[in-house]
Amino acid sequence: MRMKVKEIAEMVGGKVIGDPDVVITGVSGIKEAKEGDLTFIAINKYKPLLKSTKASAVLVSPEINNTVNAVLIQVENPSLAFAKIMALVGPEPIKFSPGIHPTAIIGKNVEIGKDVSIQPFAVIEDNAVIGDETVIGAGVYIGHYTKIGRNCLIYPHVVIRERITIGDRVIIHPGTVIGGDGFGFATVRGVHHKIPQIGTVEIGNDVEIGSNVTIDRARFDKTYIGNGVKIDNLVQIAHNVYIGDNTIVVAQVGISGSTKIGKNVIIAGQAGIIGHITIGDNVIIGGKAGVTKNIPPNTHVTGFPARDKWEDMRFQAYVRRQPELIEKVKKLEEKIEKLEARLREIYGEENPENN
Amino acid sequence: MRMKVKEIAEMVGGKVIGDPDVVITGVSGIKEAKEGDLTFIAINKYKPLLKSTKASAVLVSPEINNTVNAVLIQVENPSLAFAKIMALVGPEPIKFSPGIHPTAIIGKNVEIGKDVSIQPFAVIEDNAVIGDETVIGAGVYIGHYTKIGRNCLIYPHVVIRERITIGDRVIIHPGTVIGGDGFGFATVRGVHHKIPQIGTVEIGNDVEIGSNVTIDRARFDKTYIGNGVKIDNLVQIAHNVYIGDNTIVVAQVGISGSTKIGKNVIIAGQAGIIGHITIGDNVIIGGKAGVTKNIPPNTHVTGFPARDKWEDMRFQAYVRRQPELIEKVKKLEEKIEKLEARLREIYGEENPENN
Amino acid sequence: MRMKVKEIAEMVGGKVIGDPDVVITGVSGIKEAKEGDLTFIAINKYKPLLKSTKASAVLVSPEINNTVNAVLIQVENPSLAFAKIMALVGPEPIKFSPGIHPTAIIGKNVEIGKDVSIQPFAVIEDNAVIGDETVIGAGVYIGHYTKIGRNCLIYPHVVIRERITIGDRVIIHPGTVIGGDGFGFATVRGVHHKIPQIGTVEIGNDVEIGSNVTIDRARFDKTYIGNGVKIDNLVQIAHNVYIGDNTIVVAQVGISGSTKIGKNVIIAGQAGIIGHITIGDNVIIGGKAGVTKNIPPNTHVTGFPARDKWEDMRFQAYVRRQPELIEKVKKLEEKIEKLEARLREIYGEENPENN
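Chains as they are written, first to last, in the working numbering: chain A, 1 to 355; chain B, 1001 to 1355; chain C, 2001 to 2355.
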């Protein structure tokens, strides 16, 4: 990579504060950056690092205007701008050429679109449909009647069982399982009888799903993942869950059966949500939170049981005053004892505790 | 599907409250049901929906007798009855015909029962045994000397390492790993030396195991999963764990090494249990609970550290009174100040704090 | 197995307390041991079992000197000594002979060392490097340009994507995914745009990684796992995480992006660590802890938010006094009421609350 700051600014629609002719030869994080590197600040926490960074240029949001050694490039969304530049300088992405590898096994009546790539040892069962330009990675299993949209990237060893529908431009990372049976049993005298899980899973467009995720098929009807939803690694999504568009689900989250999640929700890592409840649009659920009841839209909840973040913080602050409170009560007890003694003095009484 | 309510009632041994000739054309959840649908109520939470459901018939437990629009079919176990009907109306389950796919690799001295189906790219190592009518899915790996019982369904990409024993009618969902080494190291001067894990895993009959579960082999002897145990997705079961019959383990639970779980236990999602303890029969462990010591039989524990549910609730109620308590103590302080002032007045003293 | 106690003591450099000619015919845990068995005590919790064990000999640390029925063999590290003996008596470990299975698919310019074993249905992409005596299990996927060191054991169905570097003597259990894209998006007007993850993963020597683990590739630069690190099952390690040498990460832990973990750290099961923080050397993080800020070296933290273990315990003890505190405050209120009444009596006042 060898570009001038002004060329970069032009590519991302940014405004240069400083010398536009400085030469950039690499990209890096703000802490690790060295001379010649372009970096960026996406979260305010890293703002103080502007002073110490060795980077030659930094993509920043428009309100940042410090006079620092590095040249600043002001843009609306520094993360996105940096991503554009990274795509230029990163190693050539691995491409899988169109074509069906001779070891792949394709069932009967499978419809395969244009320029599809099917890698070694993939198994595509009867009546499946694979959209144009989709890549089916090595060892992927696609069940009977399952439909995969266009321009999808299904990484090695993903398992998608029968009768699932997946939209366009969906990315699924390795080891993820879609359409396993929901966890449903009817218990009669201590023995658990399997309830058939005859529903399916429907996944919208532009969804990305991490590695080793599990998304169960519905008992009936469908488990639904909306358009633009992003799911991190090792997430559990139970049967009949509904997730609205553009919601983000961070690693190791678990969502229990039949729960409905709104749009633009953020669920932070290791949070758990019980079944049969509703989470409103734009809700933020804190890391490790345990959500036990419906959450209205536009709220931020934390803790277990999860409640309003500010209420939770206020409450935690109260609880932290416990040692001080114990001390205060001890002092009050002493004072009251003295008061009682003086009053007994006035009345000429004896201390009843001495009897 | 096209059946009369009375025909359905007969199939499930139920009693009709309402018109027995109403025609049912589908099945659905109580919220989503439309005219012509059969639905059911398994948990009391959904009882109020009886009034608003558009379903034409509802499977209910015998004590429910509301006068509603829908016809009721009273049965002992509505879930199980509904499951029976669902099995009738659901899409034809995918069947894997008996036979060994030509791409499957079968080692030496492998014993394969009658009507076994071995799917593409399965690998079955030397001296393994596969029982009658069992299905080995695409890409499944069965290690040396491992024995799988009859009528099992091993979904694609399951890995079962060497010397494992699995009972009859066991279902294992995709991506699950059975018999990985237990996590055991002896640390000498900061370096962790691997302790060989020479034990095995034994899984009983009628067990169901979800997707991407991990069940480690024992250090010596065996990790044991009893008959009828049901395990959800992404569960971790460490070496030498023992799980009694008919216990239920919900998604993302972790059970540490050498812990013994009783029969008919329910462990809710994301709970964690430390190693080397004993959980009695019929125990219920709440979601996200952290169990740090032995739990006696027939108890219900919640929280972290986990304790009796009612004690925990009472205690949480006490803690929630913290803001009120702080307020009370503040008032007491003021009152005592006034009392002290009045007594000083009586004695004609000065306030020592003014000095 | 048939060895005298004195022969075992010699093998592990131990000192015999009791009859050195007792014959040992098996190995077992201290609870399950029967006559003829050798067992050991690694944790003090099990010391009382010395009296009741039916084992014929017990490996113990030098300070244990009880007079019990069993013969004692004192050694510096009983776990490690026991491991040595177990390796002798356990079943012959499964060996995978060197050679490339005819079904394996090897790309262009792949470098394969001496005595490498490549099992059925493995896929090794162009320009990958596999070190001497490494075993690549059935169905393993090795991406383009990825380098695996010598003497590694990569179990079936592991996926290692492109441009990853793995050291020598590394063990990776089944189903683990290394080098999936980091979870990074730039959100513009509610739509999440993928940030390319152009970095890699570098794993040191002597690392062991459990089953179904996920280790994401870096946004840029690398995600780093130091020498001698041991990672249990179902752990999530996000992009750009750095883990120092000999750190232990127990099952179901999640470490968020760009966090730096020191050397010799122990992170217990189900703990979670937020992104962009630093955990010092020799830190211990308790099970289920939620770490939200930097942790200085040599500390032991627990709880959520995680804080010093002793401080946390003291604080929890204070909080447990809540019911008692509520009771005390109630009594103080009563006493003050009486004091106020008596003072009103002295002054001849009426109770203002009676008005």
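Glycine included, each C-beta is placed from N, C-alpha and C at the ideal position.
Exercise for the section: Look at B:Pro1091 and A:Arg163 and say whether their C-beta atoms are less than 8 Å apart. Expected result: Yes, the Cβ-Cβ distance between B:Pro1091 and A:Arg163 is below 8 Å.
Exercise for the section: Using three-state DSSP, classify A:Gln322 as helix, strand or coil. Expected result: A:Gln322 falls in the helix class under three-state DSSP.
Practice task
Quick one: list the residues of chain C neighbouring B:Ser1052, beta-carbon separation under 8 Å, in chain order.
Solution key: In chain order: nothing, as chain C lies at least about 33 Å away.
Exercise for the section: Under 9 Å between beta-carbons, which chain C residues line up against A:Val329? List them in chain order, please. Expected result: Result: Leu2325, Lys2328, Val2329 and Leu2332.
Practice task
Alpha carbon to alpha carbon, how far is A:Ala83 from C:Val2241? Give it in angstroms, no decimals.
Solution key: Their backbone Cα atoms lie some 19 Å apart in a straight line.
Practice task
For B:Arg1217, decide whether its Cβ has a neighbour in chain C, counting only Cβ atoms nearer than 8 Å.
Solution key: Cβ-Cβ to chain C under 8 Å: no for B:Arg1217.
Problem - Inter-residue Cα distance where the pair is A:Lys54 and A:Asn69 - result: C-alpha separation (whole angstroms): 8 Å.
Handout entry: Among C:Pro2020, C:Thr2200, C:Ala2251 and C:Lys2328, nearest to B:Val1235 - alpha-carbon criterion
Key = Looking at C:Pro2020, C:Thr2200, C:Ala2251 and C:Lys2328, the one whose alpha-carbon comes closest to that of B:Val1235 is C:Ala2251.
Handout entry: B:Ile1198 (DSSP reduced to helix, strand or coil)
Key = Coil.
Problem - 7 Å Cβ cut-off: residues of chain B touching C:His2157 - result: Within chain B, the residues near C:His2157 are Tyr1141, His1157 and Val1159.
Handout entry: Inter-residue spacing [alpha-carbon to alpha-carbon] between A:Leu339 and C:Lys2051
Key = Roughly 59 Å between the two C-alpha positions.
Practice task
Give the single residue among C:Ser2028, C:Ala2186, C:Ile2073 and C:Gly2026 whose Cα lies nearest to the Cα of C:Ile2017.
Solution key: Among C:Ser2028, C:Ala2186, C:Ile2073 and C:Gly2026, the Cα nearest to that of C:Ile2017 belongs to C:Ile2073.
Handout entry: Strand pairing of C:Arg2307, partner residues [DSSP]
Key = Beta-bridge partners of C:Arg2307 (DSSP): C:Thr2302.
Problem - Given A:Arg161 as reference, the closest of A:Gly149, A:Gly143, A:Lys108 and A:Arg150 once Cα atoms are compared - result: Cα-wise, what sits closest to A:Arg161 is A:Gly143.
Problem - A:Tyr46 versus B:Ile1255: straight-line alpha-carbon distance, rounded - result: Spanning the two alpha carbons is a distance of roughly 39 Å.
Practice task
Please confirm whether B:Thr1165 and B:Thr1200 have their CB atoms less than 8 Å apart.
Solution key: Contact: yes.
Exercise for the section: Decide if A:Gly228 is buried, meaning its Cβ has at least 16 other Cβ atoms within 10 Å, or exposed. Expected result: It counts as buried.
Problem - Proximity of C:Ile2284 and C:Ile2266 at Cβ, strictly below 8 Å - result: In contact: C:Ile2284 and C:Ile2266 (Cβ atoms closer than 8 Å).
Practice task
Quickly, what does DSSP pair C:Met2003 with across the bridge? List them, please.
Solution key: C:Ile2024.
Handout entry: B:Lys1222: first and last residue of the uninterrupted alpha helix (DSSP H) it sits in
Key = Here B:Lys1222 belongs to no alpha helix (DSSP H); instead the beta strand (DSSP E) covers Lys1222 to Ile1225.
Exercise for the section: Within 10 angstroms of the Cβ of A:Asn65, are there 16 or more other Cβ atoms? Answer buried if so, exposed if not. Expected result: Label assigned to A:Asn65: exposed.
Problem - Interface residues of chain C facing B:Arg1321 [CB-CB closer than 8 Å] - result: Correct list: Gln2322 and Ile2326.
Handout entry: Opening and closing residue of the alpha helix (DSSP H) in which B:Lys1051 lies
Key = Per DSSP, B:Lys1051 is one residue of the alpha helix (DSSP H) stretching across Leu1049 to Ser1052.
Problem - Bridge partners - C:Val2123, DSSP secondary structure assignment - result: Bridge partners of C:Val2123 according to DSSP: C:Ile2105 and C:Tyr2141.
Problem - Backbone secondary structure at C:Phe2040 - three-state DSSP - result: In the three-state DSSP reduction, C:Phe2040 falls in the strand class (E or B).
Handout entry: Option in B:Asp1126, B:Val1191, B:Lys1309 and B:Ala1009 with minimal Cα separation from C:Asn2264
Key = Looking at the Cα atoms, B:Val1191 is the closest of the given residues.
Practice task
Determine the chain B residues that contact A:Ala186 at a beta-carbon separation under 7 Å, and present them in chain order.
Solution key: Using a Cβ-Cβ cut-off of 7 Å, A:Ala186 is close to Asn1077, Ser1079, Leu1080 and Ala1083 of chain B, given in chain order.
Problem - Partners in chain C for B:Gln1236, counting only beta-carbon separations shorter than 7 Å - result: Going along chain C in sequence order, the residues near B:Gln1236 (Cβ under 7 Å) are Asn2233, Leu2234, Ala2251 and Gln2252.
Exercise for the section: Give me whichever residues DSSP pairs with C:Gln2074 in a beta bridge. Expected result: DSSP, once it has assigned bridges, lists C:Lys2015 and C:Val2060 as partnering C:Gln2074.
Problem - Integer-rounded CB distance, given that A:Ala186 should sit under 8 Å from B:Asn1077 - result: Sure, about 6 Å apart at Cβ, within 8 Å.
Exercise for the section: With A:Thr187 as the anchor, note down where its beta strand (DSSP E) starts and where it stops. Expected result: From DSSP, the beta strand (DSSP E) with A:Thr187 extends over Phe185 to Val188.
Problem - Residues of its chain near A:Glu125, where Cβ-Cβ distance is below 6 Å and the 5 sequence neighbours each way are ignored - result: Around A:Glu125: Gly107, Gly143 and His144.
Problem - Within 7 Å of chain A by C-beta, residues of the region 2159–2182 of chain C in sequence order - result: For the region 2159–2182 of chain C, residues whose beta-carbon sits nearer than 7 Å to a beta-carbon of chain A comprise Val2159, Glu2162, Arg2163, Gly2175, Val2177, Gly2180 and Asp2181.
Problem - Per-residue burial, A:Asp197 [other beta carbons within 10 Å of its own, 16 or more giving buried] - result: One point to set straight first is that residue 197 of chain A is Gln, not Asp, in the sequence displayed. A:Gln197 is buried by the Cβ-count criterion.
Handout entry: Inter-stretch contact at 8 Å, needing at least 3 Cβ pairs: the region 323–341 of chain A / the region 1326–1334 of chain B
Key = The region 323–341 of chain A is in contact with the region 1326–1334 of chain B.
Exercise for the section: Starting from C:Val2032, find everything on chain B with Cβ-Cβ shorter than 8 Å and list it in chain order. Expected result: It is worth fixing the name first, because residue 2032 of chain C is Glu in this sequence and not Val. Correct list: Asp1221.
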